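Student: Quick one: this structure, given as structure tokens, is what I'll be asking you about.
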Amino acid sequence: MNPSIKNEATAKFQIGHRWLAVTGLVLFLVGVAAGGARAVKKYQPPGPFTHDNAGFCDFHNGLYYPTAAVLKGISPYGREYADAYPVDRAIPFFSPGFLVLHAPIVMLPLRAAEILFFVLIVITALGIAYLTASMAGMPKRLDAILLIAGLLVFSRGGHSTFYNGYFTFEIILAALLAVHFADRRPWWSAFALVVVSAKPTYILPLGFLLLARRNFKALLIGAVLSILAAGIPFAWIAYQTGDGDLGAGFAQIADDIRATQEVHMQVPDEQPIHSWTRLDILAVAAKWLEVDPDQTIHLLVMFAVLAVPMVLLYRRAQLGIDDGAAGLTGLLILSAFLASLYHQFYDSLVLIAPLGGLMIGRVAGWKTVGLPTRIILAGLMLLPLFNYFSTRIFLRVVSPGDYALKVLTSVSGLAIFVVMIFACLLAFQQTRRMPTD
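Position one of the sequence shown corresponds to residue 40 (our numbering), numbered consecutively onward.
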């Protein structure tokens, strides 16, 4: 075993700067309490969705009841499910393998499951903070871990996760693990990719970026595991749906997914022209051009946005430049990932890793970046994380005009796109400075 890895594993936690540790702890506890209190006060009993009382609605509609349906062989993507369970509508396409991972929670009564899942959210938030601090060069430093955790739970996406009960932190943690360990520990990355594959909008752009980075082993193992994880429950659902006829069952599931996806994309905060929550650059452009692009346009724009980052990642891989998820490599991957395809505001939490690396300054890739550039990048990354001006509550209270509304709901996506451009320029500069054979 590498001595540095062994020392890191056996080292004791250190407080570091006490005032930072206390500040982080207070922020974390207050943030968790605020999210939990709001979820209780605005609790939404399972059933039709309302924005005014949405406490733990995503846990009910997106995890608890869909998983219960899968375990019974009922497709959570179809009308039968929506009619049989107290939910707002059938879910969009999530991998059933990801749902089945939560089977132990779903086997509990609803109230016990809610409490356990809230605890899981807290633990996962601390896991993200610990991972970020470790990747940024401060493993087992309580001040760094607690401060990152405090910022995480006070972010817009962090607060909404505690309030709505979405599985945001799980997939964010998995995405960071997949990116950081794809080359170092491909099996770790592969298992993380199984969780990432829960959402096509995650695995599709991330898969292409890791492919350009030449993380072939992690991708291959991850693909096999993801197919198995999704295929087995899909076969179970198809068998039950088709009354023993797998072909008919799979055909029905495919029809259900197409139908529910069309319904899902008609929801105002999903449509780019109306959305106040989306971050991808196509959503920003569509808002200002007042057009509603179809799925083909979404994919074409994704490839166009990913093209330059993929070329740079390929070149960096050739030169052996890789500073992980908290470094410039991570910023290049994660900013392109967010800008390229449909993503909601809470997905910006993946930026916590490169932001932590940038601010701590111990990752090799950031040591050659000047302080003014680092300050600008940090500000641009903080903007989507803490843009509370693009929330339903603020917009309803302020009632801005059409132009101001477009500005307020576009700045987060624009900031991420500018971050991606900065990352591309910095990565290009680093490749030019490297000696060639």
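Built from N, CA and C at the ideal position, the CB exists for glycine as well.
In this text, all values refer to a predicted model and were calculated from it rather than measured experimentally.
Run through the stretch 249-311 for me and flag every whole alpha helix (DSSP H) of 4 or more residues, listed as ranges in chain order.
Tutor: DSSP runs (the alpha helix (DSSP H)) wholly in the stretch 249-311: 255-280 and 285-303.
Student: Taking the CB atoms as reference points, tell me whether Ile336 and Leu181 lie closer together than 8 Å.
Tutor: Cβ distance not < 8 Å, so Ile336 and Leu181 don't count as in contact.
Student: Whole-angstrom Cβ separation of Ile260 and Ser114, contact assumed at under 8 Å?
Tutor: Not a contact, Cβ separation roughly 28 Å.
Student: Could you give the DSSP three-state label for Gln334: helix, strand or coil?
Tutor: Helix at Gln334.
Student: Can you tell me whether Met420 is buried or exposed, with buried defined as 16 or more other CB within 10 angstroms of its CB?
Tutor: By the neighbour-count rule (16 or more Cβ atoms within 10 Å), Met420 is buried.
Student: Which whole-angstrom value describes the C-beta separation of Ala269 and Gly136, a residue pair presumed to lie in contact below a C-beta threshold of 8 Å?
Tutor: Sure, about 4 Å apart at Cβ, within 8 Å.
Student: For the alpha helix (DSSP H) that Asp122 lies in, which residues bound it at each end?
Tutor: Taken as a continuous stretch (DSSP letters only), the alpha helix (DSSP H) holding Asp122 covers Arg118 to Ala123.
Student: Taking buried to mean at least 16 other C-beta atoms within 10 Å of its own C-beta, is Gln305 buried or exposed?
Tutor: It is exposed - the Cβ of Gln305 has fewer than 16 other Cβ atoms within 10 Å.
Student: Within its chain, find whatever has a CB closer than 7 Å to the CB of Gln300; leave out the 5 residues flanking it on each side and keep chain order.
Tutor: Within the same chain, Gln300 has close Cβ partners Pro131 and Phe132.
Student: Can you give the beta carbon distance from Val344 to Ser379, rounded, assuming they're within the 8 Å contact cut?
Tutor: Val344 to Ser379, Cβ: 4 Å. Contact.
Student: Which full runs of the alpha helix (DSSP H) of 4+ residues lie inside the stretch 407-440, going along the chain?
Tutor: Runs found: 410-424 and 431-437.
Student: Using DSSP with H/G/I as helix, E/B as strand and the rest coil, what is Asp94?
Tutor: In the sequence as presented, Asp is not what sits at residue 94; that position holds Gly. If DSSP states are grouped into helix, strand and coil, Gly94 belongs with the strands.
Student: If you drop the 5 nearest sequence neighbours on each side, which residues of the same chain put their C-beta closer than 8 Å to that of Val451?
Tutor: For the sequence presented, residue 451 should be read as Ser rather than Val. Hits under 8 Å: Leu318, Phe384, Ser387, Leu422, Pro423, Asn426 and Ser429.
Student: Between the C-alpha atoms of Leu377 and Arg401, what's the straight-line distance to the nearest angstrom?
Tutor: Whole-angstrom Cα-Cα distance: 25 Å.
Student: The alpha helix (DSSP H) with Arg150 in it runs from where to where?
Tutor: Looking at the DSSP string, the run of the alpha helix (DSSP H) that includes Arg150 is Leu149 to Met174.
Student: Are there three or more Cβ pairs, one per stretch, closer than 8 Å when the stretch 351-358 is compared with the stretch 246-257?
Tutor: At 8 Å Cβ cutoff, the stretches touch.
Student: Looking at Gly63 and Phe201, is the spacing between their C-beta atoms short of 8 Å?
Tutor: Not in contact: Phe201 and Gly63 (Cβ atoms no closer than 8 Å).
Student: Relative to the C-alpha of Val158, which candidate in Pro348, Met459, Tyr205 and Glu119 has its C-alpha closest?
Tutor: Out of Pro348, Met459, Tyr205 and Glu119, Tyr205 has the C-alpha closest to the C-alpha of Val158.
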